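Step one of this worksheet: look at the structure below.
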Amino acid sequence: MKAAGVQHYDCSVRSGWTPQGADIRLPQIPGNEFAGIVDQVGEGVAGFSVGSEVLGFSLLNSYAEYIVVGADQIVSKPSSITWEEAGGLTGNGQGAHIALKAIGVGPGDTVLIHGAAGSLGAFAVQLAKEWGAKTIIGTASEANHDYVRSLGAIPTTYGEGLVERVRALAPDGVDAAFDTAGAEAARASVELVADRSRICTFAAYDLIEELGLRVVRGERSAARLAELVELHSQGKLRIQIRQAFPLEQAADAHRLIETRHGRGKIVLAIG
């Protein structure tokens with residue numbers, strides 16, 4: 001293993017939460033995205049060999065020096081992507097891909113991305129742009145507005161008056177919204193988007209039923225990951241590394257990500 005991404009998902013598992021349908025019993029090794037070099041190959045595996053540089057995903061266990069995964073959970077790492085970038089691509093990258101597909105983001109849409117400077121939000125902005133959205137509005141702190149603008153979104157601050165600010169930026173209305181920030185953002189989305197099936201949240205799960213939001217279902221896959229890697233190779237998807245912690249400082253990485261503030265992706269540098 002060379003690197004592993006850090007996600008809010010990992011913090012939830014650490015705190016005792018279990019993904020639906022998963023048989024997880026603590027203690028467990030957290031982490032579900034990684035990059036590294038193939039050390040051994042199982043019988044009948046094609047496409048990879050000892051020494052292959054790869055990135056991939058798992059349910060758990062990526063905060064480690066070694067991990068065992070299936071060949072359908074990894075793709076080849078191109079030389080154009082660093083180990084840290086590769087380690088932090090699949091979780092939030094595939095999450096944003098799944099979410100935007102679920103709410104039907106496509107050509108001509110006006111899309112609102114809450115938390116656009118974070119890793120998940122930044123991926124969402126870039127994918128919405130790639131898929132032809134006409135206008136992308138991204139919420140972020142004022143310090144991150146230039147960064148959000150560089151991704152392809154119109155930045156606006158979150159907090160009081162958000163609905164009015166978004167309406168001023170999108171006088172013809174908002175077609176779809178993706179919330180990576182929390183309850184306030186989810187409630188604002190309901191005021192701004194007429195069709196609630198085109199609103200999804202990765203940060204206010206307790207409000208999904210109450211507000212009638214889209215329940216997002218989708219599985220990470222090697223094909224989806226390969227699409228993201230190709231976009232990165234074409235210069236259409238970039239990854240901002242916020243901070244890389246050594247593996248033994250994983251607890252500090254969790255403390256930082258749990259603040260829910262900051263620009264870019266947090267990763268663990270392992271090998």
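All letters in the sequence shown, in the order written, are residues 1 to 271 by UniProt numbering. For glycine and all other residues, C-beta sits at the position ideal for the given N, C-alpha and C. Note that the coordinates shown come from a computational prediction; the quantities given were computed from them, not determined experimentally.
Could you tell me which residues DSSP puts in a beta bridge with residue i?
{"i": "residue 155", "result": "138"}
{"i": "residue 264", "result": "118"}
{"i": "residue 174", "result": "193"}
{"i": "residue 179", "result": "114, 201"}
{"i": "residue 241", "result": "265"}
Can you look up residue i in the DSSP assignment and give me helix, strand or coil?
{"i": "residue 5", "result": "strand"}
{"i": "residue 125", "result": "helix"}
{"i": "residue 109", "result": "coil"}
What's the C-alpha gap between residue i and residue j?
{"i": "residue 192", "j": "residue 163", "result": "7 angstroms"}
{"i": "residue 108", "j": "residue 132", "result": "6 angstroms"}
{"i": "residue 159", "j": "residue 238", "result": "27 angstroms"}
{"i": "residue 55", "j": "residue 143", "result": "32 angstroms"}
{"i": "residue 269", "j": "residue 66", "result": "13 angstroms"}
{"i": "residue 31", "j": "residue 139", "result": "27 angstroms"}
{"i": "residue 260", "j": "residue 203", "result": "10 angstroms"}
{"i": "residue 99", "j": "residue 212", "result": "16 angstroms"}
For residue i versus residue j, is the C-beta spacing smaller than 8 angstroms?
{"i": "residue 135", "j": "residue 110", "result": "yes"}
{"i": "residue 116", "j": "residue 75", "result": "no"}
{"i": "residue 125", "j": "residue 151", "result": "yes"}
{"i": "residue 244", "j": "residue 33", "result": "no"}
{"i": "residue 4", "j": "residue 104", "result": "no"}
Checklist entry - Hey, which unbroken runs of the beta strand (DSSP E) at 3 residues or more fall wholly within the stretch 8 to 80? => result 33 to 37, 53 to 57, 74 to 76
Checklist entry - Could you give the uninterrupted runs of the alpha helix (DSSP H) lying entirely in the stretch 207 to 234, keeping only those of 4 residues or more? => result 208 to 211, 222 to 233
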